[in-house]
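Here the structure is laid out as structure tokens; the discussion comes afterwards.
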Ligand SMILES: [Zn+2]
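Numbering (my numbering), first residue to last: 569 to 727.
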């Protein structure tokens with residue numbers, strides 16, 4: 569028998585591997601600003617002036633240290649999205665279906681992946697303006713941002 573003609577045998581298994589992961593100085597500053605102040609901060613390269621969100625300590629284009637912190641408004645644009653129809657283990661509290669989006673916040677050159685909420689699916693399209701919604705109780709996790717929602721919803725609440 570020639571190599572590669574055998575029926576492949578596949579065993580199913582599951583590995584549970586709890587671990588701790590230090591987010592570092594940059595990640596800690598970013599998450600603490602969300603937790604303590606409901607603010608979203610990005611880093612800006614001092615050489616090429618690209619603005620990174622999620623923040624990066626060093627610019628991946630010119631490797632020029634350091635980057636500086638800048639505060640963003642938190643509002644921006646939905647650049648892409650996908651609807652998830654299955655249970656996602658990383659999002660224990662999120663029942664499917666739900667929507668992941670890529671959000672280019674005003675002033676940033678990169679996009680942040682997060683959840684999109686409070687949206688009528690007839691309004692779902694790339695390019696809509698969004699704003700962050702923060703959880704009342706925050707723990708220093710990216711999920712302290714509950715999700716992004718269409719920007720016009722806050723205007724409706726205020727009127
Ligand atoms: Zn740069």
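Just so it is clear, CB atoms sit at the ideal spot from N, CA and C, and this is done for glycine as well.
Could you tell me whether the Cβ atoms of residue i and residue j are closer together than 7 angstroms?
| i | j | result |
| --- | --- | --- |
| residue 671 | residue 680 | yes |
| residue 650 | residue 625 | no |
| residue 706 | residue 603 | yes |
Return the bridge partner residues of residue i from the DSSP annotation.
| i | result |
| --- | --- |
| residue 670 | 648 and 681 |
| residue 612 | 619 and 636 |
| residue 697 | 645 |
| residue 717 | 699 |
Am I right that residue i and residue j are in contact with their C-beta atoms under 8 angstroms? What's the rounded C-beta distance?
| i | j | result |
| --- | --- | --- |
| residue 644 | residue 673 | 3 angstroms |
| residue 675 | residue 638 | 7 angstroms |
| residue 640 | residue 621 | 7 angstroms |
Should residue i go down as buried or exposed, given a rule of 16 or more other Cβ atoms within 10 Å for buried?
| i | result |
| --- | --- |
| residue 576 | exposed |
| residue 570 | exposed |
| residue 691 | exposed |
| residue 616 | exposed |
| residue 578 | exposed |
| residue 628 | exposed |
| residue 642 | buried |
| residue 605 | exposed |
| residue 726 | At residue 726, the pLDDT of 47 sits below 50, so the modelled position is not reliable; the number obtained from the coordinates is stated separately. Classification of residue 726: exposed, given that the 10 Å Cβ count is below 16. |
| residue 669 | buried |
| residue 712 | buried |
| residue 587 | exposed |
| residue 583 | exposed |
Pairing CB atoms from the stretch 629-641 with CB atoms from the stretch 596-614, are three or more of them under 8 angstroms? When C-beta atoms of the stretch 629-641 are compared with those of the stretch 596-614, three or more pairs fall below 8 angstroms, so the two segments count as touching.
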